[in-house]
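In what follows, a single structure is set out as structure tokens and then discussed.
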Amino acid sequence: MSSFAMLPKPLHPPHDPTSVDLNAHSGWRAQLVDPLQALVFGDETVTLAPDATVRRLDETSGSLGGIVPSRNMVVASDGGIYLLDVQNGIVKRFDACDCAFLDIPCTGGIGNSARQVRDAHAIAISRGNLLICDTGNKRISVFTLQEFALRAHWRAPLPTSRLLPADSPIVAEWQPVAIATDAKGRVFVADSANGCVHRFSPNGRWLGVFGGVGDVAALAVDCSGRLYVQLRAHSDVHIYDALGQLLQVAGNVTDIASNFASMHVEIDADGNVLVDDRCRFGVNGETLSVGIRSQISYVPSARYVSAALDSAFHRCQWHRVVLTGCVPSGASVSVATYSAEIEFDADVIAALPLEAWSQSATARAMAGEWDCLIRAPRGRFLWLQLNFASGGLATPCLENIRVEFPRVSLRRYLPAVFGEDPSASEFTDRFLAIIDTTFRSVELQIDLQARLFDPRTAPAQALDGSGIDFLSWLGSWVGLSLDRHLPEGQRRRLLQAAPALYQTRGTRTGLWRLLLAYLGLPSPTVECDSAILQPQRQCRNVPTTCASACPPVRAYDPPPLLLEHFQLRRWLFVGAARLGDDARLWGRRVVNRSALNANAQADRTQLVTTPDPYHDPFRVYASRFTVFVPACIGQDSRQRKGFEQLLRTESPAHARYDIEYVQPRFRIGVQSMIGLDAVVGRYPAGVTVQRTTLGRDSVLGERKDGIGSDGRVRPSLRIGSRSQVGTTTRLD
Numbered sequence: 024m025s026s027f028a029m030l031p032k033p034l035h036p037p038h039d040p041t042s043v044d045l046n047a048h049s050g051w052r053a054q055l056v057d058p059l060q061a062l063v064f065g066d067e068t069v070t071l072a073p074d075a076t077v078r079r080l081d082e083t084s085g086s087l088g089g090i091v092p093s094r095n096m097v098v099a100s101d102g103g104i105y106l107l108d109v110q111n112g113i114v115k116r117f118d119a120c121d122c123a124f125l126d127i128p129c130t131g132g133i134g135n136s137a138r139q140v141r142d143a144h145a146i147a148i149s150r151g152n153l154l155i156c157d158t159g160n161k162r163i164s165v166f167t168l169q170e171f172a173l174r175a176h177w178r179a180p181l182p183t184s185r186l187l188p189a190d191s192p193i194v195a196e197w198q199p200v201a202i203a204t205d206a207k208g209r210v211f212v213a214d215s216a217n218g219c220v221h222r223f224s225p226n227g228r229w230l231g232v233f234g235g236v237g238d239v240a241a242l243a244v245d246c247s248g249r250l251y252v253q254l255r256a257h258s259d260v261h262i263y264d265a266l267g268q269l270l271q272v273a274g275n276v277t278d279i280a281s282n283f284a285s286m287h288v289e290i291d292a293d294g295n296v297l298v299d300d301r302c303r304f305g306v307n308g309e310t311l312s313v314g315i316r317s318q319i320s321y322v323p324s325a326r327y328v329s330a331a332l333d334s335a336f337h338r339c340q341w342h343r344v345v346l347t348g349c350v351p352s353g354a355s356v357s358v359a360t361y362s363a364e365i366e367f368d369a370d371v372i373a374a375l376p377l378e379a380w381s382q383s384a385t386a387r388a389m390a391g392e393w394d395c396l397i398r399a400p401r402g403r404f405l406w407l408q409l410n411f412a413s414g415g416l417a418t419p420c421l422e423n424i425r426v427e428f429p430r431v432s433l434r435r436y437l438p439a440v441f442g443e444d445p446s447a448s449e450f451t452d453r454f455l456a457i458i459d460t461t462f463r464s465v466e467l468q469i470d471l472q473a474r475l476f477d478p479r480t481a482p483a484q485a486l487d488g489s490g491i492d493f494l495s496w497l498g499s500w501v502g503l504s505l506d507r508h509l510p511e512g513q514r515r516r517l518l519q520a521a522p523a524l525y526q527t528r529g530t531r532t533g534l535w536r537l538l539l540a541y542l543g544l545p546s547p548t549v550e551c552d553s554a555i556l557q558p559q560r561q562c563r564n565v566p567t568t569c570a571s572a573c574p575p576v577r578a579y580d581p582p583p584l585l586l587e588h589f590q591l592r593r594w595l596f597v598g599a600a601r602l603g604d605d606a607r608l609w610g611r612r613v614v615n616r617s618a619l620n621a622n623a624q625a626d627r628t629q630l631v632t633t634p635d636p637y638h639d640p641f642r643v644y645a646s647r648f649t650v651f652v653p654a655c656i657g658q659d660s661r662q663r664k665g666f667e668q669l670l671r672t673e674s675p676a677h678a679r680y681d682i683e684y685v686q687p688r689f690r691i692g693v694q695s696m697i698g699l700d701a702v703v704g705r706y707p708a709g710v711t712v713q714r715t716t717l718g719r720d721s722v723l724g725e726r727k728d729g730i731g732s733d734g735r736v737r738p739s740l741r742i743g744s745r746s747q748v749g750t751t752t753r754l755d
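24 is the number of the first residue of the sequence shown in our numbering; add one for each residue after it.
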């Protein structure tokens with residue numbers, strides 16, 4: 024063997040460019056941001072940071088410079104957005120599908136005076152309740168977030184009340200104007216008539232008051248439970264603890280912005296709301312012109328420099344930079360690169376002059392993908408510089424940065440004379456990159472065509488104008504007809520399970536397993552005792568013809584879902600049966616025939632003459648079955664149509680079927696077969712007006728868990744619910 028053969032093989036570039044992605048999931052790999060904290064690296068995007076110096080704490084919206092919702096808006100823990108229409112006294116909820124604030128009924132306007140909200144100013148949420156600061160009626164109206172039912176009205180003690188201490192700051196009847204809640208559920212209400220702040224417990228019990236606050240305009244609570252009080256005609260904010268002790272006074276937004284959690288909505292100085300970067304509303308929830316952005320100001324410019332990107336190739340010619348995101352009108356992102364054969368320290372890169380960077384191109388008013396070629400000379404390492412610029416009212420928003428390398432040019436197919444001159448060859452490579460980008464897009468579809476044949480990744484969207492999607496067409500390969508009324512997840516599960524069930528199609532087992540896939544239920548599994556298993560031995564289902572290697576300890580058996588009607592025949596067997604009420608000879612009652620002088624009743628029995636009672640068990644119970652599915656499928660019209668279509672195509676042609684939608688009940692004589700048409704659930708806690716039918720599944724009694732109107736737990740003894748004598752119950 025020659026010494027040359029013992030040398031390592033030289034590293035050759037690939038035939039196709041590879042890439043390095045910079046995003047929130049793989050890391051932005053920012054080595055330098057100038058000025059510091061001028062960019063916001065969010066969960067999905069990178070944007071310019073808001074310029075907090077132009078926002079004021081004393082804005083009329085009460086949002087403390089846009090870091091908290093306005094006084095008439097609140098964001099729930101589940102992301103729901105509620106807004107109080109101050110002009111009409113109606114609470115509205117944001118609907119993402121309609122991109123609008125919809126009115127919540129029974130919370131204002133004309134109607135029951137007990138539920139009417141008049142001259143309201145602020146709202147808040149505490150422990151599943153919506154609290155409305157009803158200034159006109161001098162109360163706090165409490166509604167449930169589930170059904171928006173009026174729960175209670177909170178009021179502060181009167182000046183003559185014995186609950187007030189001798190030095191109480193309350194001298195007049197209170198006037199609530201602002202409200203805020205903390206993580207413990209405590210409620211703080213600003214009283215403009217007495218210049219104080221009241222404290223309430225989550226269930227409405229008055230806890231106390233601290234005075235000397237002044238004329239309050241808005242309240243807010245940060246992540247640490249501190250109370251922020253915005254005063255009228257004051258440009259600063261007073262910060263208190265939960266007991267009313269003054270901690271400090273903040274003068275600008277930057278001093279307190281880090282104390283609050285980030286919001287997925289934006290509030291401008293006028294109180295207008297921007298949701299999801301596309302829906303903008305006025306102070307009272309009215310929809311404003313589409314395309315108008317929030318008036319939040321951003322820093323004018325910022326510079327992003329990435330860490331060293333290693334290609335692992337000697338003298339690598341980096342190809343291009345692809346930006347994914349949006350750059351609105353008036354903003355821009357400029358791309359510059361620097362390459363070298365060795366990796367420099369961050370201080371060296373930061374000290375590079377502007378002339379050392381190779382300027383590529385500038386992205387303006389783009390949406391989606393934008394790319395440019397890298398002009399830097401050959402080098403193993405590359406540093407990427409992005410210069411963000413903004414007019415102040417808009418910011419670039421980048422979701423992903425992809426750097427491709429090396430440059431595999433189509434010049435390799437041309438005569439060598441086109442690459443003889445280095446300057447001319449570089450121009451040829453850049454010119455052919457325009458054509459190469461189109462070719463790469465076609466090759467990419469060929470490289471990714473395997474995803475079209477996988478049920479988990481096949482496109483489920485219908486083609487333009489055809490009404491046919493690729494997922495349904497893929498199902499036709501295995502004889503499965505997928506109804507587009509079915510949700511996408513169910514269609515993918517059915518197609519994934521169909522090939523394995525093809526050999527049992529048309530049988531009870533095949534239909535049962537297909538229904539399990541449709542409902543998302545796992546297949547039957549068998550578990551074995553780990554003590555019986557030997558090391559390095561697996562426990563698996565073996566054919567029934569083989570002896571079990573590991574005796575099953577417990578098994579998961581999915582619900583039967585199917586009931587074949589021939590199992591309803593009740594026969595008498597010699598030596599094993601006994602005559603009685605449960606024994607039936609032949610079919611006298613199978614179809615409820617009328618028999619003279621026996622059971623004939625008007626409107627109860629029927630006159631059936633063919634074929635005869637002795638063949639009724641065979642004729643009625645043969646080739647018929649019932650399918651039991653959850654009632655939620657029958658309540659959704661799309662799921663119901665898709666399920667019926669599935670049964671029509673997958674049921675045996677000679678069989679007839681019935682569909683039974685199972686309610687979460689167990690009613691003797693109506694539905695009482697565990698695992699088929701009955702579900703054992705919790706004991707009903709009471710009735711709900713307009714939703715519960717009396718006499719069927721309703722229970723009239725005390726409130727849930729025995730909690731009275733005063734918030735105290737009533738003594739009760741319920742077997743299976745609360746039956747610990749001496750702890751939660753009392754025997755009288």
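Glycine included, every Cβ here is placed at the ideal spot set by N, Cα and C.
For residue j and residue i, believed in contact at Cβ under 8 Å, the rounded distance
i    : j    : result
D259 : N282 : Not confirmed; about 15 Å, so no contact.
A485 : D492 : 5 Å
A540 : R516 : 5 Å
V652 : Y684 : 6 Å
V98  : V252 : About 21 Å separates the two Cβ atoms, so there is no contact after all.
Of the residues the options, the one placed nearest residue i, counting alpha carbons only
i    : options                   : result
V236 : D214, N226 and P199       : D214
T532 : L584, L332 and P510       : L584
V232 : K161, D444 and G218       : G218
S320 : A417, P445, E196 and F454 : A417
I202 : F462, W177 and L242       : L242
R434 : F428, L421 and E449       : E449
I397 : F117, S352, A175 and S357 : S357
A520 : D659, P675 and R479       : R479
P675 : P547, F641, G665 and W535 : W535
H677 : D459, T530 and L297       : T530
P510 : L87, G543, G502 and C120  : G543
G402 : L409, E366, G391 and E378 : E366
Distance, residue j Cα to residue i Cα
i    : j    : result
W229 : G89  : 31 Å
L518 : R661 : 19 Å
W609 : R679 : Its pLDDT being 49, under 50, W609 is placed unreliably by the model, and nothing is read from it.
G102 : I148 : 12 Å
L505 : A53  : 47 Å
P73  : L62  : 9 Å
L51  : I424 : The question names Leu, yet the displayed sequence has Trp at residue 51. Near 8 Å, if we compare the C-alpha coordinates of I424 and W51.
F117 : G308 : 9 Å
D368 : L59  : 19 Å
L586 : F648 : 5 Å
G85  : R94  : 5 Å
A206 : S224 : 12 Å
P438 : S381 : 29 Å
R222 : R79  : 27 Å
A523 : W500 : 13 Å
Within 8 Å, strictly: CB atoms of residue i and residue j
i    : j    : result
A331 : W406 : yes
L153 : I163 : no
R343 : C395 : yes
T360 : S324 : no
A240 : L250 : no
F411 : Y525 : no
H144 : V91  : no
A363 : F404 : yes
C122 : R387 : no
S757 : D470 : Lying before the first or after the last residue shown, residue 757 is absent from the chain, which here runs from 24 to 755.
P429 : Q340 : yes
G414 : A473 : no
G220 : V212 : The sequence shown places Val at residue 220, rather than the Gly named in the question. Cβ distance < 8 Å, so V220 and V212 count as in contact.
Pairs of beta-carbons, one from the region 63 to 75 and one from the region 175 to 194, closer than 8 Å: are there three or more? Contact between the region 63 to 75 and the region 175 to 194 is absent: fewer than three C-beta pairs spanning the two stretches fall below 8 Å.
Cβ contact (3+ pairs, closer than 8 Å) linking the region 289 to 308 and the region 41 to 60: A contact between stretches requires three or more CB pairs, one per stretch, nearer than 8 Å, and the region 289 to 308 fails this requirement with the region 41 to 60.
Report yes or no: do three or more beta-carbon pairs, one from the region 111 to 124 and one from the region 261 to 271, lie closer than 8 Å? Contact fails: fewer than three Cβ-Cβ distances are below 8 Å.
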